[in-house]
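Okay, so the sequence shown: first residue is 26 according to my numbering, each after it adds one.
Below is one structure, written out as structure tokens; the observations come after it.
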Amino acid sequence: MKRRDFLKTAAVGSVVAGGALAGCNRQADDAGAAPAIQTQKTFRWKMVTTWPKNFPGLGTGAEFLAKAITEMSGGRLEVKVYGAGELVPAFEIFDAVSRGAAQMGHGSAYYWKGKNPALQFFSTMPFGMTADEMNGWLYHGGGMALWEEAYAEYGLVPMAAGNTGVQMAGWFNREIRSLDDLRGLKMRIPGLGGEVLKRAGGTPVNLPGGELFTALQTGTIDATEWVGPYNDLAFGLYKAAKYYYYPGWHEPGTTLECFVNKAAFDALPRDLRQIVRMAARAANLDMLSEYMARNNDALETLVDEHHVQVRRLPDDVIGELRRLSAEVVAEEAAKSPQATKIYQAYRGFLDKVVRWDDISERTYLNVREG
Ligand code: CA
Numbered sequence: 026m027k028r029r030d031f032l033k034t035a036a037v038g039s040v041v042a043g044g045a046l047a048g049c050n051r052q053a054d055d056a057g058a059a060p061a062i063q064t065q066k067t068f069r070w071k072m073v074t075t076w077p078k079n080f081p082g083l084g085t086g087a088e089f090l091a092k093a094i095t096e097m098s099g100g101r102l103e104v105k106v107y108g109a110g111e112l113v114p115a116f117e118i119f120d121a122v123s124r125g126a127a128q129m130g131h132g133s134a135y136y137w138k139g140k141n142p143a144l145q146f147f148s149t150m151p152f153g154m155t156a157d158e159m160n161g162w163l164y165h166g167g168g169m170a171l172w173e174e175a176y177a178e179y180g181l182v183p184m185a186a187g188n189t190g191v192q193m194a195g196w197f198n199r200e201i202r203s204l205d206d207l208r209g210l211k212m213r214i215p216g217l218g219g220e221v222l223k224r225a226g227g228t229p230v231n232l233p234g235g236e237l238f239t240a241l242q243t244g245t246i247d248a249t250e251w252v253g254p255y256n257d258l259a260f261g262l263y264k265a266a267k268y269y270y271y272p273g274w275h276e277p278g279t280t281l282e283c284f285v286n287k288a289a290f291d292a293l294p295r296d297l298r299q300i301v302r303m304a305a306r307a308a309n310l311d312m313l314s315e316y317m318a319r320n321n322d323a324l325e326t327l328v329d330e331h332h333v334q335v336r337r338l339p340d341d342v343i344g345e346l347r348r349l350s351a352e353v354v355a356e357e358a359a360k361s362p363q364a365t366k367i368y369q370a371y372r373g374f375l376d377k378v379v380r381w382d383d384i385s386e387r388t389y390l391n392v393r394e395g
């Protein structure tokens, strides 16, 4: 066993038992053997997240993943979740896992666009892919290989680990009848959606989730997007604004991610590596399923009990937002050769899959109710 490998193994992954044997086992694993002593080895990982601990859907999704890995491995790989700020602030988890201060992170790739504009395409884009389309691209359309290549530069192994599905356009304290109503609108809408709103004449504001309700209620902002009925009901946003608009053009299927420190991942025996990968796949599906079920219940509560006015954005407003989004996304894609390459792959898949979408999901949903 090379000394360098041993140091790497010891530095990350907190080998609790049999540390000196870890490297030997790894060589045996690589040769395809599975010595009995492997079962004696225990790893303890820290998962740092961008969400408050157990935050509905997102934080609970991180817990689902940690629990799945711990239980599927029979406790050989124990993952403990830390909410935003517990070990590191929300937006520092990428760097923390990259340098090995924690072994695993749970967030969404658009948070790292300031670091590298190419990374945001693995999260969501205004007027971009839905959850199903993203999963098709990532797992069977070449997206995952590009994601792994991009994160390898940071010593990280990425995995899709959840999806919110189509979000809502947000809560507005006034009706949106035309583009004029967007002018001067002060709205909490982060990321590229915010840039699009700005070009439509609005004023985008970025506030953490915990401040939305007060900001909206006191009139500091006129509108806010958050996620969808499930999360928005929990925040009580219906008490602060009357109109609830759809569709969530700015976040049509946000992919959540987990990423693992590559040295820690490589130090695992093959079966544990596969458990981590399969647990992430299970978490990816489970979160989307949870949002489907809970959004549906929460929407009923919002409309039937709280008499929320659910409105569709007018066609001309959507048309202009779509035009501006294409502009903004093209500028992001031009920011680096890597961003261009990833965006072209993303766009290529989306342009191609639309033909199938049209005659499958879109047609079916339109004819189902007759
Ligand atoms: Ca959102």
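Even glycine gets a Cβ: it sits at the ideal position worked out from N, Cα and C.
Please read these numbers as outputs of a predicted model, since none were measured by experiment.
I need the straight-line Cα distance from residue i to residue j, nearest angstrom please.
i: isoleucine 94; j: alanine 358; result: 35 Å
i: histidine 331; j: isoleucine 343; result: 27 Å
i: lysine 66; j: arginine 101; result: 7 Å
i: arginine 393; j: glycine 130; result: 40 Å
i: proline 142; j: methionine 159; result: 18 Å
i: glycine 244; j: phenylalanine 116; result: 27 Å
i: lysine 92; j: leucine 237; result: 30 Å
i: arginine 372; j: glycine 167; result: 12 Å
i: arginine 224; j: alanine 170; result: 34 Å
i: glutamate 388; j: lysine 138; result: The sequence shown places threonine at residue 388, rather than the glutamate named in the question. Taking the straight line joining both Cα atoms gives about 35 Å.
i: proline 4; j: phenylalanine 284; result: Outside the shown range of the chain, which is 26 to 395, sits residue 4, and nothing can be said about it.
i: glutamine 242; j: tyrosine 176; result: 40 Å
i: threonine 279; j: phenylalanine 147; result: 9 Å
i: glycine 218; j: aspartate 291; result: 37 Å
i: alanine 56; j: threonine 155; result: Summary for alanine 56: the model assigns pLDDT 49, below 50, so the residue's position carries little reliability; its value from the coordinates is reported in the next sentence. Distance between the alpha carbons of alanine 56 and threonine 155: 41 Å.
i: tryptophan 274; j: glycine 153; result: 8 Å
i: serine 350; j: alanine 134; result: 19 Å
i: glutamate 352; j: proline 233; result: 27 Å
i: histidine 165; j: leucine 390; result: 24 Å
i: glutamate 200; j: glycine 235; result: 25 Å
Within its chain, find whatever has a CB closer than 6 Å to the CB of residue i; leave out the 5 residues flanking it on each side and keep chain order.
i: tyrosine 179; result: Ser123
i: arginine 51; result: For arginine 51, the predicted structure reports a pLDDT of 44, less than 50, and the residue's modelled location is therefore unreliable. A value from the coordinates is still provided. Here the set comprises nothing.
i: aspartate 54; result: Low confidence applies to aspartate 54: its pLDDT is 47, below 50, so where it sits in the model is not reliable, and the reading given next is rough at best. Same-chain partners within the cutoff: Pro294 and Arg295.
i: alanine 185; result: Leu163, Thr280 and Asn309
i: asparagine 286; result: Val37, Val122, Gly125 and Gln128
i: isoleucine 214; result: Leu222, Pro229 and Glu250
i: valine 378; result: Glu158
i: glutamate 103; result: Arg69 and Thr95
Does any heavy atom of ligand 1 sit closer than 7 Å to the C-beta of residue i?
i: tryptophan 6; result: Summary: the structure shown does not reach residue 6, with the chain confined to residues 26 through 395, and so no result is reported for it.
i: glutamate 276; result: yes
i: glutamine 192; result: yes
Using the three-state DSSP reduction, which class does residue i fall into: helix, strand or coil?
i: glutamate 178; result: coil
i: arginine 213; result: strand
i: valine 392; result: helix
i: valine 328; result: helix
i: leucine 152; result: The residue asked about is misnamed: residue 152 is phenylalanine in this sequence, not leucine. DSSP places phenylalanine 152 in coil when its eight states are reduced to three.
i: lysine 223; result: helix
i: arginine 302; result: helix
i: phenylalanine 147; result: helix
i: glutamate 282; result: strand
i: phenylalanine 374; result: helix
i: glycine 344; result: helix
i: tryptophan 274; result: coil
i: tryptophan 251; result: coil
i: glycine 166; result: coil
i: asparagine 160; result: helix
i: alanine 266; result: coil
i: proline 142; result: helix
i: glycine 187; result: strand
How is the alpha helix (DSSP H) around residue i delimited, first residue to last?
i: glutamine 242; result: 237-242
i: arginine 208; result: Looking at the DSSP string, arginine 208 is not in any alpha helix (DSSP H), and its letter there is neither H nor E.
i: aspartate 291; result: 287-291
Would you say the beta carbon of residue i comes nearer than 7 Å to a heavy atom of ligand 3?
i: glycine 395; result: By its list of ligands, the structure shown excludes ligand 3, since it contains just ligand 1.
Residues in its own chain within less than 8 Å of residue i by CB, not counting five upstream and five downstream?
i: lysine 105; result: Arg69, Trp70, Lys71, Met72 and Ala91
i: threonine 365; result: Ala358 and Ala359
i: valine 328; result: Val335
i: glutamate 173; result: Val182 and Pro183
Check for me: the beta strand (DSSP E) holding residue i runs from which residue to which?
i: methionine 72; result: 68-74
i: phenylalanine 89; result: Element bounds for phenylalanine 89: not the beta strand (DSSP E) but the alpha helix (DSSP H), 83-97.
i: glycine 130; result: 129-132
i: lysine 105; result: 102-107
i: threonine 228; result: 228-230
i: valine 122; result: Looking at the DSSP string, valine 122 is not in any beta strand (DSSP E); the run it does join, the alpha helix (DSSP H), is 118-123.
i: phenylalanine 260; result: Run containing phenylalanine 260: none; DSSP gives neither H nor E here.
i: phenylalanine 197; result: 195-197
i: valine 333; result: Looking at the DSSP string, valine 333 is not in any beta strand (DSSP E), and its letter there is neither H nor E.
If you drop the 5 nearest sequence neighbours on each side, which residues of the same chain put their C-beta closer than 7 Å to that of residue i?
i: leucine 84; result: The sequence shown places glycine at residue 84, not leucine. Within the same chain, glycine 84 has close Cβ partners Thr74, Trp76, Pro77, Lys78 and Gly108.
i: tyrosine 255; result: Pro81, Gly82, Tyr316, Arg319, Asn320 and Ala323
i: glycine 346; result: In the sequence under discussion, the amino acid at residue 346 is leucine, which differs from the glycine named in the question. Cβ within range, chain order: Val221, Ala225 and Trp274.
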